[in-house]
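Residue numbers (the numbering used here): 365 to 640.
Glycine residues also receive a C-beta, built at the ideal position from the N, C-alpha and C atoms.
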Ligand SMILES: [Zn+2]
């Protein structure tokens, strides 16, 4: 078993790069800490990561995950100490589904300190009082992440459940809290049903998963003046994506096609689920 090296926090800045893992370096940025094997971590000493760099980091991590060429995950005391003492500066914020099969630090081959993550079943936005929007505002406003990703996934049980209840026109058997969750998915699911005459329920669910990603982005913009201001200032991008449970690939959807209209109110379009 590998013995954890002791990293003197006072010497972190001068810890030599012993194994030269620069796969995760963005641009000319060098890994700032290497602990034992090749773990690279971000702390508040790092500059905020630009949206495109953060997106490229996630894409590269997903490629490593797909190829099996992932970085060593050896979280030693030095890594934990640096994260505690130097604070966090995550590269990106992700709003994802709580599904246990979508393990984000695996999917993106990321390390502690890389991702600020909020999750719930169905990756829905929820009410302002629920804490989710405030969490994302904290990440964007205080931790200075410049990329938010709303990440759905194939075979999402929450979207499938909402589709079933809409087709059956019944929520019988669901608790009040589960009904409230399903209600959050009604709009994109109804749109998927409308757009898919004659389709199988499976196909409706898969379309609903994509429309729900757009819908969640719309809800974030409707409810958060902080996120809207950051988008308008050019210090934030919000991208959608769908993770495939079967092959591990993230299908990137880009930014909301009606984002400009959602921001400037120049259109009556308030529901991007109408947009494919
Ligand atoms: Zn799900």
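Going by DSSP, name the residue or residues bridged to residue i.
i           : result
residue 483 : 460
residue 514 : 459 and 604
residue 416 : Bridge partners of residue 416: none, in fact.
residue 619 : 603
residue 614 : 607
In the DSSP assignment, find the alpha helix (DSSP H) that holds residue i and state where it starts and stops.
i           : result
residue 585 : 565-587
residue 475 : Per DSSP, residue 475 belongs to no alpha helix (DSSP H) and is neither H nor E.
residue 469 : 468-471
residue 496 : 496-505
Give me, in chain order, the residues of the same chain whose beta-carbon lies closer than 7 Å to that of residue i; leave out the 5 immediate sequence neighbours on both sides.
i           : result
residue 596 : 627
residue 575 : 552, 555, 556 and 637
residue 508 : 412 and 453
residue 477 : 405, 406, 407, 447, 452 and 454
If we count the other Cβ atoms within 10 Å of its Cβ and call it buried at 16 or more, is residue i buried or exposed?
i           : result
residue 489 : buried
residue 622 : buried
residue 540 : exposed
residue 561 : exposed
residue 433 : exposed
residue 458 : buried
residue 487 : buried
residue 510 : buried
residue 566 : exposed
Going by beta carbon distance, what residues of the same chain come within less than 6 Å of residue i, once the five residues before and after it are set aside?
i           : result
residue 450 : 407, 408 and 409
residue 483 : 460 and 462
residue 524 : 569
Hey, does residue i have any beta-carbon neighbour from chain B nearer than 9 Å?
i           : result
residue 625 : Within the model displayed, chain B is absent; a lone protein chain is all it includes.
Here's a check: name, in chain order, each residue in its chain whose Cβ is nearer than 8 Å to the Cβ of residue i, leaving out the five neighbours to either side.
i           : result
residue 543 : 535
residue 501 : 588, 590 and 591
residue 550 : 526 and 530
residue 429 : 470, 471, 472, 473 and 612
residue 605 : 513, 514, 515, 516, 577, 614, 615, 616 and 617
residue 545 : 484, 485, 486, 488 and 522
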